[in-house]
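This report refers to the structure that appears directly beneath it.
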Amino acid sequence: MAVGKLRRPHGVRGEIQMDIYTDFPERLTAGVTVFIGEDHTPILISSSRWHQDSLLVAFRDINDRDEAGTLRNSIVYVRADEIPPLEEGEYYHHELIGLGVKDENGPYLGVITGILETGANDILVVQLENGKEALLPMTDEVVLSIDLMDGMVSVHLLPGLLLDD
């Protein structure tokens, strides 16, 4: 599971700025092994600290600015089984992407292909059976149930949510 993206080196001792993609950045501390890049190379965090809006991290055996620069734009991952559990009724985005979506009255609508974060509430991006895309707000009024075991989200379609209405 992606937890951040490495940006640019900071200072001369191997620290690098990291944009955070997780709601739990406090787990990215010294002694934690993360996985870097598409090949998921394991690397140990030797230190981490906040600086402005980004986390500065240093990794074992990365000792200078040039070495840190080789990691620029790499995605940082943790193992999915290491992510903290959420409260009941809360879901990680990766758990929702790929789920089917059906109307409360039964018809299958499509599949969740993405999630947009708006600040107020997240928006489900649904690829409809007809090839079009629908944006469904993740509100209690619209999303009636989420069943991870069955891979299905049941929704109440308010007027105007689908462009064909």
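For what it's worth, numbering that gives the first Met the number 0 labels the leading residue of the sequence shown as 0, then goes sequentially. Using N, Cα and C, we set each Cβ at its ideal position, and we do this for glycine too.
Per the coordinates, the alpha-carbon of L27 lies some 26 Å from the alpha-carbon of N120. Ranked by how close their Cα comes to the Cα of V100, the residues Q126, Q16 and T32 have Q126 in first place. With contact defined as three or more Cβ pairs closer than 8 Å, the region 76-92 and the region 20-39 are in contact. For secondary structure counted as the alpha helix (DSSP H) over 4 or more consecutive residues, the region 53-88 holds these complete runs in sequence order: 64-68. In this structure, H92 places its C-beta atom within 8 Å of the C-beta atom of I114. Take the alpha-carbon of S46 and the one of F58: they are about 7 Å apart. Sorting L157, I145, D139 and G13 by C-alpha distance to the C-alpha of T69 places G13 at the top. DSSP places H93 in the uninterrupted alpha helix (DSSP H) bounded by H92 to L95. DSSP places E14 in the uninterrupted beta strand (DSSP E) bounded by E14 to I19.
Taking the C-beta atoms as reference points, L156 is found nearer than 8 Å to D102. Exclusion of the five residues before and after S144 leaves S153 as the residues of its chain whose Cβ lies within less than 6 Å of its Cβ. Between V77 and I15, the beta carbon gap of about 17 Å keeps them out of contact (Cβ cut-off 8 Å). A direct Cα-to-Cα measurement between E66 and L98 gives close to 40 Å. In the three-state reduction of the DSSP assignment, E25 falls in the helix class, which pools H, G and I. Minimum Cα-Cα distance from D139 among the listed residues Q51, M148, N72 and E89 corresponds to E89.
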